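J.: Encoded as structure tokens, here's the structure I'll be asking about.
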């Protein structure tokens, strides 16, 4: 698992890179295709698009300027454009050039696009949106898991919770166990579409878990107990209780994130009230 950190600028760094760090294009002078790797070229341009270097609904510089800026070949640049087009970030038109598409058309379900947001933008700016996403998916999934889980699925949920209890003093191990806990609940629904959706939920959780557990501070034991309450409701096959307890856990975890990052982005997410059971 890649470790995530909150940088001094308030962005989320995952895997040792963060906005303004070694991966930014201003540090790529002299970079060759072989040195950077084709995937890294996509990563560099993608981060710059998400970070606002190239705003939505504007044109990218011409090919020569982009090749010089990123020190890449024509072939590598065109391959990068092809991948960014598939992610919904750019569109090429004859006699017009390559433009950034409106943000509403970006493929936010793409793991790389989501990662660029998490590592480029201030953490608090997207924390609310991520929790709204999780709140739309995880409470109903918990209710469904309570109805349809089998012994093996319940065992995975319980095992992840035991691991959370055992490693509460180690942030890295705690986050890993917490991830497995939530993914196990999604898997316990026995619904392949929810299971496939877990990849996006996984990325959203990775981005905020280190912050929320830090924000929990002295009440970590209470948060652990809330996870146990969800396990209990699922084991008792009580879907209403499982849904309500997961909602409460997510709402309290969002407050923990706000405690950790301050009040700058503490805007009540629109629509959360309407998601309650």
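Residue numbers (full-length UniProt numbering): 1 to 277. All C-beta atoms, glycine included, are put in the ideal place defined by N, C-alpha and C. What you are looking at is a predicted structure, and each value in this text was computed from that prediction instead of being measured.
Can you tell me whether residue 257 is buried or exposed? The criterion is at least 16 other CB atoms within 10 Å of its CB, across all chains shown.
T.: It is buried - the Cβ of residue 257 has at least 16 other Cβ atoms within 10 Å.
J.: Under 8 angstroms from any heavy atom of the ligand HEM, does the C-beta of residue 237 make it?
T.: Questions concerning the ligand HEM fall outside what the structure shown contains, since it holds no ligand whatsoever.
J.: Below 8 angstroms on the Cβ atoms is my guess for residue 253 versus residue 198; work out the distance and round it to an integer in Å.
T.: Not quite, the Cβ-Cβ distance comes to about 18 angstroms (not below 8 angstroms), so this is no contact.
J.: Please report the straight-line C-alpha distance between residue 72 and residue 127, rounded to a whole angstrom.
T.: Straight-line Cα distance between these residues: approximately 35 angstroms.
J.: Spatial neighbours of residue 157 within its chain, please: CB distance less than 7 angstroms, with the 5 preceding and 5 following residues excluded, ordered by chain position.
T.: Hits under 7 angstroms: 181, 184, 185, 188, 231, 234.
J.: The beta strand (DSSP E) that contains residue 187, what's its start and end?
T.: Taken as a continuous stretch (DSSP letters only), residue 187 belongs to no beta strand (DSSP E), being part of the alpha helix (DSSP H) at 171-187.
J.: Is it buried or exposed, residue 209, if we count other Cβ atoms within 10 angstroms and call 16 or more buried?
T.: With 16 or more other Cβ atoms within 10 Å, it is buried.
J.: Less than 9 angstroms between the C-beta atoms of residue 241 and residue 138, yes or no?
T.: No, they are not a contact pair.
J.: Using three-state DSSP, classify residue 94 as helix, strand or coil.
T.: It is coil, neither helix nor strand.
J.: So what's residue 102 in DSSP terms, helix, strand or just coil?
T.: Coil, per DSSP.
J.: Taking only three categories from DSSP, how would you classify residue 348?
T.: What the structure shows of the chain is the stretch from 1 to 277, and residue 348 is not part of that stretch, so it cannot be assessed.
J.: So for residue 122, helix, strand or coil by DSSP?
T.: Residue 122: strand per DSSP, three-state reduction.
J.: Closest by CA to residue 226, which one among 178, 201, 190?
T.: Among 178, 201, 190, the Cα nearest to that of residue 226 belongs to 178.
J.: I need the straight-line Cα distance from residue 259 to residue 40, nearest angstrom please.
T.: In a straight line, the C-alpha of residue 259 is about 34 angstroms away from that of residue 40.
J.: How long is the line joining the alpha carbons of residue 64 and residue 133, rounded to whole angstroms?
T.: Going by the C-alpha atoms only, they are around 40 angstroms apart.
J.: Please look up how many angstroms separate the CB atoms of residue 99 and residue 60, rounded, as I've assumed it's under 8 angstroms.
T.: Yes, residue 99 and residue 60 are in contact; Cβ-Cβ is about 7 angstroms, under 8 angstroms.
J.: Closer than 6 angstroms by C-beta to residue 160: which residues in its own chain qualify, once you throw out the five before and the five after it? Chain order, please.
T.: Excluding sequence neighbours, residue 160 sits near 177, 180, 181, 184.
J.: Going by the beta-carbon positions, is the gap between residue 172 and residue 121 smaller than 9 angstroms?
T.: Contact: no.
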